[in-house]
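> Can you read through this structure? Questions will come right after.
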């Protein structure tokens with residue numbers, strides 16, 4: 037029997053199979069007051085009040101509606117769009133929800149969480165508490181006979197954020213729910229212990245392997261850099277969410293108090309639009325710098341191990357595939373299972389959020405959606 041317990045500020049935490057609800061009080065909790073103010077009375081983007089409903093003159097309403105219909109009226113039953121938001125020049129120019137969903141509906145981001153994770157790490161790097169080229173410095177498992185000469189000591193933060201740690205591949209072999217990060221999702225296992233327990237099978241930075249555990253190693257480095265368990269639990273809100281109005285976002289932890297930022301984030305479409313706007317605005321919010329341009333350039337730069345092999349991945353963000361000429365090459369995107377996307381297109385001052393409930397192999401193509409939306413944007417916008 038598996039049990040989960042809701043903990044304020046952190047969502048549901050999976051207990052170990054041998055735990056009961058009598059163990060709930062041993063679980064972490066984040067009992068911090070909500071962000072002040074009524075979002076319905078605070079103008080967008082800090083709140084949800086939309087004061088100006090008029091479209092910008094360069095936006096073709098009919099073509100934009102066609103793009104929306106393209107997203108919602110799919111020919112494949114495996115593609116189900118739950119919500120779509122288009123932000124242009126800082127304004128929501130289109131917003132639509134499937135029946136049963138609205139602006140307050142919170143759903144799981146899946147791997148879009150990775151892009152949130154790398155943002156938090158970037159904030160620490162900007163403070164000098166993390167460095168891309170610095171070895172992670174972990175105590176690995178199993179312990180080597182001579183820990184100082186463990187080859188895993190060479191792995192850097194850059195390596196794990198580029199998905200090229202060189203560690204044993206779990207997700208690529210379809211084992212994530214049997215022996216990998218999925219064990220922390222549904223079996224109460226430690227997300228950190230599993231991530232630290234992989235052997236090195238190739239030199240770091242030589243092969244790209246998409247692995248949840250690589251992200252979780254970066255998250256563990258973030259925890260060590262913060263150095264205080266309570267401040268660590270507060271960090272996503274204090275550093276990011278509360279500062280840009282992401283009131284509806286929860287980051288889940290395992291029962292050991294470690295963020296499962298490979299996928300376990302729950303939020304609504306508008307909060308993801310705010311997140312995309314932070315990147316669109318070069319890491320600033322109302323003129324205050326929250327994230328450096330250097331870090332944004334890092335996440336948008338193809339990982340070294342992908343160069344010559346498609347170059348579609350940066351630092352926990354996805355890039356436009358090589359060979360596409362119908363989407364601006366400066367666009368980049370989050371990507372989560374079942375169709376969770378935040379697409380940022382700086383050259384057109386555009387953010388697109390699409391939430392889905394997709395199944396099977398006929399995945400929704402966010403670059404095709406970007407192409408369709410761009411047909412409605414007649415003129416490249418002036419920067420604000």
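In my numbering, the protein residues as written are 37 to 420. All C-beta atoms in this analysis are idealised placements derived from N, C-alpha and C, irrespective of residue type, glycine included.
Taking 8 Å as the limit between beta carbons, can you name the residues of its chain near residue 358, skipping five residues before and five after?
Hits under 8 Å: 346, 347, 348.
> Going by DSSP in three states, residue 233 sits in which element: helix, strand or coil?
Three-state result, residue 233: coil.
> If I'm right that residue 251 touches residue 352 with Cβ under 8 Å, what's the distance once you round it to whole angstroms?
With 8 Å as the limit, residue 251 and residue 352 qualify as a contact, their Cβ atoms being about 7 Å apart.
> Kindly list the residues whose CB is nearer than 7 Å to the CB of residue 114, restricted to its own chain and excluding five residues on each side of it in sequence; keep chain order.
So the qualifying residues of the chain are 394, 395, 396, 398.
> Can you check whether the CB of residue 245 is closer than 8 Å to the CB of residue 205?
Going by C-beta atoms, residue 205 is nearer than 8 Å to residue 245.
> Flag this pair as yes or no: are the beta carbons of residue 243 and residue 341 separated by less than 8 Å?
For residue 243 and residue 341, yes; Cβs fall inside 8 Å.
> Under a three-way DSSP split, which group does residue 387 fall into?
Reduced to three states, the DSSP call for residue 387 is strand.
> Could you give the C-beta distance for residue 368 and residue 336, rounded to a whole number, given that I count them as a contact under 8 Å?
That pair is a contact at about 5 Å.
> Measuring only the C-alpha atoms, how far is residue 238 from residue 202?
The alpha-carbon atoms of residue 238 and residue 202 are separated by roughly 5 Å.
> On the CB-based measure, 16 or more other CB atoms within 10 Å of its CB, does residue 179 come out buried or exposed?
Under this definition residue 179 is an exposed residue.
> Kindly list the residues whose CB is nearer than 7 Å to the CB of residue 124, restricted to its own chain and excluding five residues on each side of it in sequence; keep chain order.
So the qualifying residues of the chain are 92, 95, 385, 386, 413, 417.
> Just to confirm my understanding: we take residue 139, look at its own chain, exclude 5 residues before and 5 after, and list those with CB closer than 8 Å. What are they?
These residues qualify, in order along the chain: 84, 131, 133, 304, 305, 306.
> Where in the stretch 305-357 do unbroken runs of the alpha helix (DSSP H), each at least 4 residues long, occur, reported from the N-terminal end onward?
Whole alpha helix (DSSP H) segments, 4+ residues: 305-316, 329-335.
> Should residue 263 go down as buried or exposed, given a rule of 16 or more other Cβ atoms within 10 Å for buried?
So residue 263 counts as exposed.
> I want to know whether the stretch 264-284 touches the stretch 313-333 - three or more CB-CB distances under 8 Å.
Taking 8 Å as the limit for Cβ pairs, the verdict is that the stretch 313-333 does touch the stretch 264-284.
> If you draw a straight line from the C-alpha of residue 116 to the C-alpha of residue 170, how long is it?
The alpha-carbon atoms of residue 116 and residue 170 are separated by roughly 42 Å.
> List the whole-angstrom C-beta distance separating residue 182 from residue 298, where the pair is believed to meet the contact cut-off of C-beta under 8 Å.
That belief does not hold up - the Cβ atoms of residue 182 and residue 298 are roughly 31 Å apart, past 8 Å.
> Helix, strand or coil for residue 75, going by three-state DSSP, please let me know.
Looking at residue 75 - three-state DSSP - the assignment turns out to be helix.
> Going by DSSP in three states, residue 132 sits in which element: helix, strand or coil?
Residue 132 falls in the strand class under three-state DSSP.
> Drop a sphere of 10 angstroms on the beta-carbon of residue 383, count the other beta-carbons inside from all chains shown, and report buried for 16 or more, exposed for fewer.
By the 10 Å Cβ count, residue 383 comes out exposed.
> Helix, strand or coil for residue 409, going by three-state DSSP, please let me know.
It is helical.
> Leaving out five residues before and five after residue 420 in sequence, what residues of the same chain have Cβ atoms less than 7 Å from its Cβ?
Note that residue 420 scores a pLDDT of 36, beneath 50, so its modelled location is shaky; the value from the coordinates is reported in the next line. So the list reads 125, 126, once near-sequence residues are dropped.
> Give me, in chain order, the residues of the same chain whose beta-carbon lies closer than 7 Å to that of residue 80; leave out the 5 immediate sequence neighbours on both sides.
Once the five neighbours on either side are set aside, the close Cβ partners of residue 80 are 86, 128.
> Checking 8 Å against the spacing of the C-beta atoms, do residue 378 and residue 327 come in under that value?
Cβ atoms of residue 378 and residue 327: not closer than 8 Å.
> DSSP has residue 392 in a bridge; who is on the other side?
Paired residue(s): 117.
> Using 8 Å as the threshold, is the stretch 42-49 in touch with the stretch 65-75, meaning 3 or more CB pairs across them?
Short answer: they touch.
> Which residues does DSSP list as the beta-bridge partners of residue 144?
302, per the DSSP bridge assignment.
> If we ignore side chains and look at the alpha-carbon of each, how far apart do residue 40 and residue 61 end up?
The alpha-carbon atoms of residue 40 and residue 61 are separated by roughly 13 Å.
> Would you please state the rounded distance, in angstroms, between the beta carbons of residue 38 and residue 50? I believe it to be under 8 Å.
Right, the Cβ-Cβ distance comes to about 7 Å (below 8 Å), so this counts as a contact.
> Taking residue 142 as the reference, give the member of 404, 287, 338, 400 with the closest Cα.
Out of 404, 287, 338, 400, 287 has the C-alpha closest to the C-alpha of residue 142.
> Would you identify the three-state DSSP class for residue 171, choosing helix, strand or coil?
Correct three-state label for residue 171: strand.
> Which residues bound the beta strand (DSSP E) around residue 50?
Run containing residue 50: 47-50, per the beta strand (DSSP E) assignment.
> What number of angstroms, rounded off, separates the C-alpha of residue 187 from the C-alpha of residue 247?
Residue 187 and residue 247: Cα-Cα distance of roughly 19 Å.
> Quick check: what's the CA-CA separation for residue 82 versus residue 221?
So the two alpha carbons sit approximately 32 Å from each other.
> Between which two residues does the alpha helix (DSSP H) carrying residue 379 extend?
Note, residue 379: premise wrong, no alpha helix (DSSP H); beta strand (DSSP E) at 377-381.
> Looking at C-alpha atoms only, which residue of 190, 249, 165 is the closest neighbour of residue 199?
Nearest option by C-alpha distance: 249.
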